[in-house]
Amino acid sequence: MNLILRILLSAIAVVILAKILPGVGVDSYTTAIIVAIVLSLLNFIVKPILVILTLPVTILTLGLFLLIINAIIILLADYFVDGFQVNNIWWALLFSLLLSFLQSIFYSFLNDDKKI
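This is the structure we're talking about:
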């Protein structure tokens, strides 16, 4: 159940950011859910491979290259999902940063279980 809630919250964040950022577009709410699923799969499968392959550059830039890897993941989602558009890598970078920020806010509501 927690996984479904996380995907739905990510889809809401994608829709919000598509409305705010002019360089990002999503056609429908269903497309936003598909984008959230594709992003989670790409982060699970492709991102570790990219991190390992670019480890020397990441160390050299003190971890800032991970932002570029996140933007590449967003552009890959743009390539795989019809109805999701990101104009260039700069919009993907900004989208990635804001998506991480919104997800951290939304996920904090899920982990608000206080046990006595």
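Just so you know, the sequence shown maps onto residues 550 to 665 in the numbering used here.
Idealized CB from N, CA, C, for every residue including glycine.
These figures come from a predicted structure and were not determined experimentally.
Are the beta-carbon atoms belonging to phenylalanine 655 and leucine 558 less than 7 Å from one another? The count along the sequence shown starts at 1 and reaches residue 655 at position 106. The count along the sequence shown starts at 1 and reaches residue 558 at position 9. Going by beta carbons, phenylalanine 655 and leucine 558 fall inside the 7 Å limit.
In the structure shown, what three-state DSSP assignment does valine 630 receive?
The residue given as residue 630 occupies position 81 in the sequence shown. Coil, per DSSP.
Would the beta-carbon of valine 564 fall within 7 Å of that of alanine 581? For the purposes of this step, residue 564 is identified with residue 15 of the sequence shown, where counting begins at 1. For the purposes of this step, residue 581 is identified with residue 32 of the sequence shown, where counting begins at 1. Yes, they are a contact pair.
Leucine 591 versus isoleucine 622: straight-line alpha-carbon distance, rounded:
Locating residue 591 in the sequence shown gives position 42, where the first residue counts as 1. Locating residue 622 in the sequence shown gives position 73, where the first residue counts as 1. A direct Cα-to-Cα measurement between leucine 591 and isoleucine 622 gives close to 7 Å.
Looking at C-alpha atoms only, which residue of Thr610, Arg555 and Asp627 is the closest neighbour of aspartate 576? Taking the first residue of the sequence shown as position 1, residue 576 is located at position 27. Ranking Thr610, Arg555 and Asp627 by Cα distance to aspartate 576 puts Asp627 first.
Check your understanding: Are leucine 648 and alanine 562 closer than 7 Å when you measure CB to CB?
Key -> On the sequence shown, residue 648 is found 99 positions in, with the first residue counted as 1. On the sequence shown, residue 562 is found 13 positions in, with the first residue counted as 1. Contact: yes.
task: Tell me where the beta strand (DSSP E) around glycine 574 begins and ends.
output: Position 25 of the sequence shown, counted from the first residue, corresponds to residue 574. Counting along the chain, the beta strand (DSSP E) containing glycine 574 begins and ends at 573-575.
- Are valine 573 and valine 630 closer than 7 Å when you measure CB to CB? Against the sequence shown, residue 573 aligns to sequence position 24. Against the sequence shown, residue 630 aligns to sequence position 81. Here valine 573 is not near valine 630, since their CB atoms are 7 Å or more apart.
Exposed or buried, which one is serine 645 when buried takes at least 16 other CB atoms within 10 Å?
On the sequence shown, residue 645 is found 96 positions in, with the first residue counted as 1. Answer is buried; the Cβ neighbour count reaches 16.
Since isoleucine 586 contacts isoleucine 556 with CB under 8 Å, what's their CB separation in whole angstroms? Locating residue 586 in the sequence shown gives position 37, counting from the first residue. Locating residue 556 in the sequence shown gives position 7, counting from the first residue. With a Cβ gap of about 6 Å, isoleucine 586 and isoleucine 556 count as contacting.
> Among all the DSSP beta bridges, which residues are the ones paired with valine 635?
Replying inline: As a working note, residue 635 is residue 86 in the sequence shown. According to DSSP, which records beta bridges pairwise, valine 635 is partnered with Val573.
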